[in-house]
Every structure is written in C-alpha cells, then in structure tokens.
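Worksheet: one structure, shown below.
Residue numbers (our numbering): 106 to 149.
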C-alpha cells in the first residue's frame, strides 16, 4: 500500500530511526517478574 509506505508513523525517516533504541525480548519469567512488580506499585 503506497499510502502506508509513505506514512512516517509506520516507516519513520532515517533521522528518527537513528535516534531509536531497541529492547531485548523478555523471557516469560522476566515478563511475569515485571508484571508482578508493576502490580505491586500500581495497586493492580
């Protein structure tokens, strides 16, 4: 779809990509640990 291909929200320009950072994927155990900690501080 040409419209999507030219959408900077879908395909950011090079200057924006140069400032971005990637995050490592979490294991299921890590996800559960973070969810538990988040719930403890948010009351959820």
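Quick reminder that beta carbons are idealized off the backbone N, C-alpha and C, glycines included.
What separation, rounded to the nearest whole angstrom, lies between the Cα atoms of residue i and residue j?
{"i": "residue 141", "j": "residue 130", "result": "17 Å"}
{"i": "residue 127", "j": "residue 146", "result": "26 Å"}
{"i": "residue 137", "j": "residue 149", "result": "14 Å"}
{"i": "residue 144", "j": "residue 112", "result": "36 Å"}
{"i": "residue 107", "j": "residue 132", "result": "36 Å"}
{"i": "residue 125", "j": "residue 135", "result": "23 Å"}
{"i": "residue 121", "j": "residue 110", "result": "16 Å"}
{"i": "residue 139", "j": "residue 117", "result": "29 Å"}
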